[in-house]
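K.L.:
Line by line, the protein sequences are chains A and B.
Start counting the first sequence at 1; every next residue gets the next number (the working numbering).
Start counting the second sequence at 1001; every next residue gets the next number (the working numbering).
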Amino acid sequence: MSSIPAKESHITSYPKFIGRSLWLATEGSFAFYAWMTMLTMLFLVGANAWANQVAGGMIGTNMTDQVSWGLYIANFTFMVGLAAGGVMMVIPAYLYHDRKMHDVVILGELLAIAAIVMCLLFVVADLGRPDRFWHMLPGIGKFNWPISMLTWDVIVLNGYLVLNLHICGYLLYMRFLGRKPNPTWYIPFVMLSIVWAISIHTVTAFLYCGLGGRPFWNTALLTPRFLASAFVSGPAFIIVAMVLIKRLTGIGGLDHPIATLTRIIRVTILINLLMVASELFTEFYTGGSHVSAAKYLFFGLHGKTALVPWTWTAIGLNITAALLFLWPGLLGFRWRPLLVAACCMAFVGAWIEKGMGLIVPGFIPSTLHEVVEYVPSQLEWKVTVGIWAFGLMVFTIAVKTALPTLKRPAEH
Amino acid sequence: MTSTETDSTSPSKPCLPIVENFSRRAAVKAGFATLGAGAFVAAISPLRQAAKNTSAAEFMQTHYTELSPEQKADVIARLEAETKEKYGADVTIGDDRPIPGTKFVYAINLSVCNGNGKCVEACHKENNHDRDTNQSYIRVIEMPKGTMDMEQGSTTYTGVVPKDDKFYLPVQCQQCDEPPCVDVCPVKATWKEEDGIVVVDYNWCIGCRYCEAACPYHARRFNWKKPEVPAAEVNPDQSYLSNRIRPVGVVEKCTYCLHRTRRGKLPACLEACPTGARVFGNILDKDSNIRWILENKRVYILKEELGTKPAFFYYFD
């Protein structure tokens, strides 16, 4: 079945597997090469912008001492959600033993890998001194654990990356060797990854809600809100990816997982909206000084309204998407374009809500109640686009590696 | 991946397709990979410029608290030479340590402060702040009388001070006893010293700005660019943990002018204040002026409800 003799050592056969996978992942149609070339070019633009940022200082961004985190940390927060959202395929597959989900669950895990890689890149892009990155390495640096939430985040994000690399690597490797995967080598890790996925977004929420001086973030609802929106954006991305994969490769067996994920979003998107509404109620009905950040976000403060159009766009997208997901017809095969549109709306809605709509108002007004607005600079957009392009590249390559597995008809 | 079970039973189906014409494709792929790598190196070439500004010794330098006396002397000599080279100024960088039995606290008399902003200016000069961005560790808020709600204040007020219906609230680092900025730092680049001053090792900070997000008093500043100070204006009396010219990309903060106060002088902001609103001293000294004020005046602290326990007090006559 494969060219690897049964008794060959893993030390030699694993590199062969990686090599074959990479070879295969770089094989494709003209459209595939065009796609990868485009992503490479965008990535290079981002890399160049980042190098300029490091050389010239972060003055090239539009961040200030008042708004000290911006587009990078906004995207980081959203990407953590995307990584955690991949678990919504793992749960039905392994906790509810959904057979058809089992065949494609690896898509969720590969998405998690790509998303975590992007998270790490966004954090590095946000560092004023990336050359001192080694100060964060336990052992040679000084790790402020367990007090700093950021060190927790470093641990859980890298741990989640390793977990998913192991699970995906093991399953695909066994497939390459033509062997049946040994459940002891991956089932415990899959179960761990379910808990771990929740933990990455919990810790990331704790980064913000643990700050007493920032009333907009200092709410216990932040963690559940993070999780709910993650369980919208992650599945939404995977649905779109599966619709595309089906179109481009003709792989069967994806309709059932698409329907399952659609049913999941149907619930999570409503939970997310409910939590947004609860938070707005507490803010605006109570009033007082704590409401100023929310006021800035929704209506503007002292004539400053930079985020208002964004936030209403997000609310519009989220509500429209929620209504579409409530409609039973969306599960039907004929309404695929509408499903994709609903997923895109939910995805973009979550991106605005959890990115700019969460990070920036945390800083406006500032702790001394100065209203200093923030609009990302061109450099920040370039770096951001570059990292997204790189993430999509990783995801594309990862999916291509897994395609032979997915292509096999589901036989049970 | 349960469908794998079928693998062992269907050896005729290769799961990875055999690619034909391997060598030609390999050559093309290798060509594109090389091209991509070359383009990547070109794209990140501005990093070479950045690398020039960091010496190997600086890159490898360990945390301040782990430097041996000899290493510290080397580091300080290097920093002085770098200041000469980059800024054209002769400076002496001290390593001022806390004086045992000292706990510094600050107090401001709000009945007297008239918002003239001399403290802001003095801080800017004393601490070698970037001239372009006109940085300072102090912000003075003009507040309407009858409220403590900062929401109603303004930090960008203009015109003749004091205005009749206003009072003035200067805010700087409160040197908290429970400093949230220290808790959140992922690399322990910032800590509280025995005399109550919260300091930053500018050569250890990675520039994540989490401390800036955590501080409820807007007390921390980030060096968004390399600070520019004309050679003639550089304050040559410096200290490692205090007012030496900061590197780009790191966070800095008020240190109660430890390069002065640990040498028995008063903070620059206090000396500059024309109204005498500012009082500074050692709270452990029973005979100190500040001790008398804290015991006898109506004193309050900012944002007490956050539990940061400031070593910075406001009082009224």
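All residues carry an ideal CB built from backbone N, CA and C; glycine is no exception.
Keep in mind that this is a model prediction, so the values were computed, not measured.
Mark A:TYR285 as exposed unless 16 or more other C-beta atoms lie within 10 angstroms of its C-beta, in which case mark it buried.
P.N.:
Along the first sequence, one-based indexing puts residue 285 of chain A at 285. The residue is exposed, with fewer than 16 neighbouring Cβ atoms inside 10 Å.
K.L.:
Within a Cβ cutoff of 8 Å, which residues of the same chain sit near A:PRO130, ignoring the five residues on either side of it in sequence?
P.N.:
Translated into the one-based positions of the first sequence, residue 130 of chain A becomes position 130. Hits under 8 Å: VAL54, VAL124.
K.L.:
Using a Cβ cut-off of 9 Å, pull out every chain A residue sitting near B:SER1045, in sequence order please.
P.N.:
For the purposes of this step, residue 1045 of chain B is taken as residue 45 along the second sequence, with counting starting at 1. The answer, in chain order, is ASN48, ALA51.
K.L.:
Please confirm if A:ASN144 has its CB atom under 7 Å from at least one CB of chain B.
P.N.:
Your numbering for residue 144 of chain A matches position 144 in the first sequence. Interface with chain B (7 Å Cβ-Cβ cutoff): A:ASN144 is included.
K.L.:
Hey, is A:ILE59's beta-carbon within less than 7 Å of any beta-carbon in chain B?
P.N.:
The count along the first sequence starts at 1 and reaches residue 59 of chain A at position 59. A:ILE59 counts as touching chain B.
K.L.:
Can you tell me which of B:TYR1087, B:PRO1310, B:VAL1248, B:CYS1185 puts its alpha carbon nearest to the alpha carbon of A:TRP152?
P.N.:
The sequence position of residue 152 of chain A within the first sequence is 152, counting from 1. Comparing Cα-Cα distances from A:TRP152 to each of B:TYR1087, B:PRO1310, B:VAL1248, B:CYS1185, the minimum goes to B:CYS1185.
K.L.:
Within 7 Å (strictly less), CB to CB, does A:GLU279 reach chain B?
P.N.:
Residue 279 of chain A sits at position 279 when you count from the first residue of the first sequence. No, A:GLU279 does not count as interfacial toward chain B.
K.L.:
Using the C-alpha atoms, what's the distance from B:PRO1046 back to B:ASN1053?
P.N.:
Taking the first residue of the second sequence as 1, we reach residue 1053 of chain B at position 53. Taking the first residue of the second sequence as 1, we reach residue 1046 of chain B at position 46. Distance between the alpha carbons of B:ASN1053 and B:PRO1046: 12 Å.
K.L.:
Leaving out five residues before and five after A:ILE147 in sequence, what residues of the same chain have Cβ atoms less than 6 Å from its Cβ?
P.N.:
As a position in the first sequence, residue 147 of chain A is number 147, starting the count at 1. Nothing listed; no residue qualifies.
K.L.:
For the alpha helix (DSSP H) that A:PHE76 lies in, which residues bound it at each end?
P.N.:
Here residue 76 of chain A refers to the residue found at position 76 of the first sequence. Per DSSP, A:PHE76 belongs to the alpha helix (DSSP H) from 71–85.
K.L.:
Output needed for A:LEU163: all residues of its chain with C-beta closer than 7 Å, excluding positions within five of it in sequence on either side, in chain order.
P.N.:
Translated into the one-based positions of the first sequence, residue 163 of chain A becomes position 163. Hits under 7 Å: PHE189, LEU192, SER193, TRP196.
K.L.:
Shorter than 7 Å from the beta carbon of B:LYS1188 to some beta carbon of chain A?
P.N.:
Translated into the one-based positions of the second sequence, residue 1188 of chain B becomes position 188. Taking Cβ atoms only, chain A reaches closer than 7 Å to B:LYS1188, which makes this a yes.
K.L.:
Looking only at its own chain, which residues have a Cβ that is under 6 Å from the Cβ of A:THR268, when we skip the five neighbours before and after it?
P.N.:
As a working note, residue 268 of chain A is residue 268 in the first sequence. The answer, listed in chain order, is ALA228, PHE231, VAL232.
K.L.:
Quick one: does A:LEU44 have its CB under 7 Å from some CB of chain B?
P.N.:
Indexing the first sequence from 1 puts residue 44 of chain A at position 44. Interface residue, yes.
K.L.:
Quick check for students: name the residue ranges of the alpha helix (DSSP H) that lie wholly in the region 1238–1310 of chain B, counting only runs of 4 or more.
P.N.:
For the region 1238–1310 of chain B, whole alpha helix (DSSP H) runs of length 4 or above, ordered along the chain, are 1258–1261, 1268–1272, 1289–1296.
K.L.:
Return yes when the Cβ of A:PHE226 is within less than 7 Å of the Cβ of A:ILE265, no when it is not.
P.N.:
By one-based count along the first sequence, residue 265 of chain A stands at place 265. By one-based count along the first sequence, residue 226 of chain A stands at place 226. Against a cut-off of 7 Å, the Cβ pair of A:PHE226 and A:ILE265 comes out as no contact.
K.L.:
Excluding the 5 residues preceding and the 5 following A:GLY300 in the sequence, name in chain order all residues of the same chain whose CB lies nearer than 6 Å to its CB.
P.N.:
Looking up residue 300 of chain A in the first sequence gives position 300. The residues are VAL308.
K.L.:
At a Cβ threshold of 7 Å, is A:HIS135 touching chain B?
P.N.:
For the purposes of this step, residue 135 of chain A is taken as the residue at position 135 of the first sequence. By this cut-off, A:HIS135 is an interface position.
K.L.:
Roughly how many angstroms separate the alpha carbons of A:ILE11 and A:MET174, rounded to a whole number?
P.N.:
Taking the first residue of the first sequence as position 1, residue 11 of chain A is located at position 11. Taking the first residue of the first sequence as position 1, residue 174 of chain A is located at position 174. Straight-line Cα distance between these residues: approximately 14 Å.
K.L.:
From the beta carbon of B:GLU1151, is the nearest beta carbon of chain A less than 7 Å away?
P.N.:
What you label residue 1151 of chain B is simply residue 151 of the second sequence in a count that begins at 1. At least one chain A Cβ lies under 7 Å of B:GLU1151.
K.L.:
Could you check the C-alpha separation between A:HIS135 and B:LEU1258 for me, to the nearest Å?
P.N.:
For the purposes of this step, residue 135 of chain A is identified with residue 135 of the first sequence, where counting begins at 1. For the purposes of this step, residue 1258 of chain B is identified with residue 258 of the second sequence, where counting begins at 1. About 26 Å.
K.L.:
Indicate whether at least one CB of chain A lies closer than 7 Å to the CB of B:LEU1306.
P.N.:
Here residue 1306 of chain B corresponds to residue number 306 of the second sequence, with the count starting at 1. Chain A, which has a Cβ nearer than 7 Å to the Cβ of B:LEU1306, makes this yes.
K.L.:
Among A:PHE390, A:SER366, A:GLY234, which has the Cα closest to the Cα of A:MET89?
P.N.:
As a first step, residue 89 of chain A must be located in the first sequence, where it is residue number 89. Cα-wise, what sits closest to A:MET89 is A:GLY234.
K.L.:
Can a CB atom of chain B be found closer than 7 Å to the CB of A:SER377?
P.N.:
The count along the first sequence starts at 1 and reaches residue 377 of chain A at position 377. Answer no: the Cβ-Cβ gap between A:SER377 and chain B never drops below 7 Å.
K.L.:
Go to A:MET191, then tell me how far its alpha helix (DSSP H) extends in each direction, as first and last residue.
P.N.:
Along the first sequence, read from residue 1 onward, the residue named residue 191 of chain A stands at position 191. For A:MET191, the enclosing alpha helix (DSSP H) starts and ends at 183–209.
K.L.:
Identify the contact partners of B:VAL1248 in chain A, using a Cβ-Cβ distance below 7 Å as the criterion.
P.N.:
Looking up residue 1248 of chain B in the second sequence gives position 248. Going along chain A in sequence order, the residues near B:VAL1248 (Cβ under 7 Å) are GLY57.
K.L.:
Under the assumption that A:MET149 contacts A:PHE122 (Cβ atoms under 8 Å), give the Cβ distance between them as a whole number of angstroms.
P.N.:
Looking up residue 149 of chain A in the first sequence gives position 149. Looking up residue 122 of chain A in the first sequence gives position 122. Not quite, the Cβ-Cβ distance comes to about 17 Å (not below 8 Å), so this is no contact.
K.L.:
Can you give me the start and stop residues for the beta strand (DSSP E) that A:ALA55 sits inside?
P.N.:
Residue numbering aside, residue 55 of chain A sits at position 55 when the first sequence is read from its first letter. Segment 30–56 is the alpha helix (DSSP H) holding A:ALA55; no beta strand (DSSP E) there.
K.L.:
Would you verify that the beta carbon of A:LEU127 is, or is not, closer than 7 Å to some beta carbon of chain B?
P.N.:
The residue given as residue 127 of chain A occupies position 127 in the first sequence. Answer yes: the Cβ-Cβ gap between A:LEU127 and chain B drops below 7 Å somewhere.
K.L.:
Take the Cβ of B:GLY1101 as the centre, count every other Cβ of all protein chains shown within 10 Å, and call the residue buried at 16 or more, exposed below.
P.N.:
Indexing the second sequence from 1 puts residue 1101 of chain B at position 101. The residue is exposed, with fewer than 16 neighbouring Cβ atoms inside 10 Å.
K.L.:
Considering only DSSP beta bridges, list what B:TRP1191 is partnered with.
P.N.:
Residue 1191 of chain B sits at position 191 when you count from the first residue of the second sequence. Per DSSP, B:VAL1199.
K.L.:
Taking C-alpha atoms, which residue in B:ALA1189, B:THR1034, B:MET1148, B:GLU1085 lies nearest to B:GLN1061?
P.N.:
Residue mapping note: residue 1061 of chain B aligns to position 61 of the second sequence, counting from 1. Comparing Cα positions, the closest option is B:ALA1189.
K.L.:
Buried or exposed, going by whether 16 or more other CB atoms sit within 10 Å of the CB of B:SER1239?
P.N.:
Mapped onto the second sequence, residue 1239 of chain B falls at position 239. Classification for B:SER1239: buried.
K.L.:
Report all residues from its chain with a CB closer than 6 Å to the CB of A:LYS142; omit the five preceding and five following residues, and keep chain order.
P.N.:
Counting from 1 along the first sequence, the entry for residue 142 of chain A is found at position 142. Closer than 6 Å at the Cβ level, and outside the excluded window around A:LYS142, lies no residue.
K.L.:
How should A:LEU339 be labelled, buried or exposed, when 16 other C-beta atoms within 10 angstroms of its C-beta is the threshold for buried?
P.N.:
Here the question's residue 339 of chain A lines up with position 339 in the first sequence. A:LEU339 is buried by the Cβ-count criterion.
K.L.:
Starting from A:ILE245, follow the alpha helix (DSSP H) in both directions and report where the run begins and ends.
P.N.:
In the first sequence, the residue the question calls residue 245 of chain A occupies position 245. Counted as a single uninterrupted DSSP element, the alpha helix (DSSP H) harbouring A:ILE245 occupies residues 222–249.
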